[in-house]
Amino acid sequence: QSSWTQPPSSSVSPGGTISLTCTTQSTYPIGWNQQKEGEAPRFVHCDGCSRGEGIPNRFTATRSGTTGTLTITNAEAEDEADYYCGSWNSGVTALHSGESLWGSVTKTFVLLLVNETTWDIPSSMTGDT
C-alpha cells in the first residue's frame with residue numbers, strides 16, 4: 301500500500317495564498333480532501349481532475365514528480381480545515397481506499413468513482429476508522 305506524507309501544519313492570513321504539499325511514490329493522481337471539525341471529509345481537487353462539488357477555483361491541485369501541491373488563493377476564514385491527500389486510479393470505476401499521513405495522525409479515506417464523478421464515502425460505511 302502506498303503512503304502519502306504531509307507537513308504537520310501550515311497557516312495563512314485572510315486574502316493570502318498558501319501551498320500545501322504531499323509526497324508519495326504513487327504514480328496515480330494525487331487527490332486532496334478537506335475535513336472541517338465535526339464534518340465528513342470532502343473532496344477538493346486532484347491533478348488532472350475536476351474540482352469537487354461546490355469547491356471554488358481558488359483551490360488548485362498540481363503535481364511535479366512525487367510531490368503534489370494544493371494551492372489556495374485569496375484564503376478565507378471558512379477554508380480553515382484539515383487537508384489531506386491520497387491517490388487512486390481515476391481511470392477505473394471502482395472503490396479505492398488508503399491511508400494518508402497527516403502529521404502524526406493517520407486518516408483512512410475511501411473514494412468511489414462513478415461516471416467520472418468522485419463521491420466521498422463516510423468511513424462508518426466501510427468499517428474504517
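Positions 301 to 429 (our numbering) are the ones given, in order, by the sequence shown. Even for Gly, the Cβ is constructed at its ideal location relative to N, Cα and C.
CB of residue i within 8 Å of CB of residue j, strictly
i      : j      : result
Gly316 : Ala375 : yes
Cys346 : Ile372 : no
Val344 : Gln334 : yes
Below-8 Å beta-carbon distance, residue i vs any chain C residue
i      : result
Asn333 : Protein chains in the displayed structure number just one, and chain C is not present.
Rounded Cβ spacing between residue i and residue j (contact assumed at less than 8 Å)
i      : j      : result
Thr367 : Thr321 : 6 Å
CA-to-CA distance, residue j to residue i, given in whole angstroms
i      : j      : result
Val414 : Gln325 : Model confidence at Val414 stands at a pLDDT of 42, short of 50, so the residue's coordinates are unreliable and nothing is read from them.
Pro314 : Ile355 : 17 Å
Asn357 : Tyr328 : 22 Å
Phe359 : Asp379 : 10 Å
Ser310 : Thr369 : 13 Å
Leu352 : Ala340 : Checking the displayed sequence, the identity of residue 352 turns out to be Gly instead of Leu. Approximately 14 Å between the Cα atoms of the pair.
Selection from the options that minimises the alpha carbon distance to residue i
i      : options                   : result
Ala381 : Ser364, Gly352 and Arg342 : Arg342
Cys349 : Ala361, Ala340 and Glu339 : Ala361
Thr364 : Thr323, Trp332 and Glu337 : Position check: residue 364 holds Ser in this sequence, whereas Thr was assumed. If we check each option's Cα against that of Ser364, Thr323 comes out closest.
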